[in-house]
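So the sequence shown is numbered by the UniProt record's numbering: it starts at 1 and just counts up by one. Glycine included, every Cβ here is placed at the ideal spot set by N, Cα and C. Fair warning: this is a prediction, and the values are worked out from it, not measured in the lab. Below: the structure, in structure tokens.
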Amino acid sequence: MEDSMIDRRSFLRLGAVGGGAVFMSGLYGKAWAQQGGDDFYFVQLSDAHWGYRGPANPEAQNTLRQAVAAVNALPQKPEFIVFTGDLTHSTDDPAERRKRMAEFKQIVAGLEVQQIHFLPGEHDASLDQGAAFQEMFGPTHYSFDHKGVHFIALDNVSDPGARIGEAQLAWLKADLAAQRPDAPIVVLTHRPLFDLEPKWDWATRDGAQAVALLMPYANVTVFYGHIHQEHHRMTGHIAHHAAKSLIFPLPVPGSQAMRTPLPWDPATPGKGLGFREVDAEPRQAAYQITELPVTKG
Numbered sequence: 001m002e003d004s005m006i007d008r009r010s011f012l013r014l015g016a017v018g019g020g021a022v023f024m025s026g027l028y029g030k031a032w033a034q035q036g037g038d039d040f041y042f043v044q045l046s047d048a049h050w051g052y053r054g055p056a057n058p059e060a061q062n063t064l065r066q067a068v069a070a071v072n073a074l075p076q077k078p079e080f081i082v083f084t085g086d087l088t089h090s091t092d093d094p095a096e097r098r099k100r101m102a103e104f105k106q107i108v109a110g111l112e113v114q115q116i117h118f119l120p121g122e123h124d125a126s127l128d129q130g131a132a133f134q135e136m137f138g139p140t141h142y143s144f145d146h147k148g149v150h151f152i153a154l155d156n157v158s159d160p161g162a163r164i165g166e167a168q169l170a171w172l173k174a175d176l177a178a179q180r181p182d183a184p185i186v187v188l189t190h191r192p193l194f195d196l197e198p199k200w201d202w203a204t205r206d207g208a209q210a211v212a213l214l215m216p217y218a219n220v221t222v223f224y225g226h227i228h229q230e231h232h233r234m235t236g237h238i239a240h241h242a243a244k245s246l247i248f249p250l251p252v253p254g255s256q257a258m259r260t261p262l263p264w265d266p267a268t269p270g271k272g273l274g275f276r277e278v279d280a281e282p283r284q285a286a287y288q289i290t291e292l293p294v295t296k297g
């Protein structure tokens with residue numbers, strides 16, 4: 001399957017807006033252009049790793065709260081928020097895992113938004129196959145519709161082998177069968193569905209099967225986390241957008257031997273951290289992505 005880096009035909013860099021870079025993403029389905037829903041916007045947050053303690057972010061106790069404040073300070077409230085995994089930092093202690101999830105849930109309850117859609121990351125789910133996550137946040141995979149866009153949340157982390165699994169792939173196939181071929185579809189996941197850097201665990205072992213199920217649909221966009229940096233890639237006509245993290249940035253894929261966090265800079269403590277606004281235009285199956293910092297300066 002063709003896998004190409006971002007190009008001008010698929011994404012247009014528009015410049016800096018309020019400290020964030022803006023992209024346009026999407027394909028324009030002629031049939032859907034006459035039938036889509038109203039425009040709306042949502043926010044993607046990812047990789048808070050609540051419970052992390054270490055030199056990569058000595059201010060880890062504050063960063064998630066700063067992100068909540070930054071989202072609440074947006075001039076217009078998003079219609080919902082998606083949180084694409086690694087809500088908490090991994091721990092072998094089941095009681096501590098639940099404690100961290102409860103603390104995380106209490107902090108993000110301060111977000112001034114009507115609805116948050118949560119996905120697990122491997123730090124949340126791989127050690128207990130998602131049991132604690134489901135207790136706290138509900139299903140690890142699901143779908144919902146919003147103003148003409150069909151959203152699909154996939155779980156590629158509860159399996160410690162980084163697989164979606166046959167049962168969930170069958171569910172995905174059945175879910176997609178109810179959609180028209182030109183429907184705007186947004187997939188939310190934690191790991192990339194393509195092989196970005198497998199030796200760093202930046203891949204999904206059966207992600208190609210999910211992408212194959214999505215390929216017959218003309219207007220598919222994927223938003224994911226896991227790699228702690230903004231990244232854009234195409235697999236065929238499907239656009240994939242990785243989000244920055246709320247804890248520490250990681251190196252460019254394959255740029256060094258190990259995926260160790262980038263060094264903390266006390267002069268610019270929020271460097272490399274961020275979240276994004278996504279302005280959806282269902283009539284055109286298009287998305288304007290604005291990258292925003294957690295802290296100013």
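Ranked by Cα distance from residue 86, the options 271, 104, 181, 241 are led by 104.
Cα atoms of residue 114 and residue 78: separation of roughly 9 Å, rounded to the nearest angstrom. Per DSSP, residue 214 is one residue of the alpha helix (DSSP H) stretching across 207–214. With respect to the C-alpha of residue 271, the residue from 69, 287, 291 having the closest C-alpha is 291.
Checking the DSSP bridge columns, you'll see residue 220 partnered with 185. Residue state for residue 124 is assigned as helix, using DSSP reduced to three classes. Between residue 112 and the set 92, 65, 134, the nearest pair of CA atoms involves 65. Sequence-distant Cβ neighbours of residue 57 in its own chain, meaning closer than 7 Å and more than five residues away, are 63, 247, 248, 264.
Each of 281, 40, 38, 46 was checked against the Cα of residue 241, and the nearest Cα belongs to 46.
Within the stretch 233–291, the runs of beta strand (DSSP E) at least 3 residues long that lie entirely inside it are, in chain order, 238–242, 274–281. For the pair residue 208 and residue 193, the Cα-to-Cα distance works out to about 7 Å.
Here residue 244 is buried: its Cβ has 16 or more other Cβ atoms, across all protein chains shown, within 10 Å.
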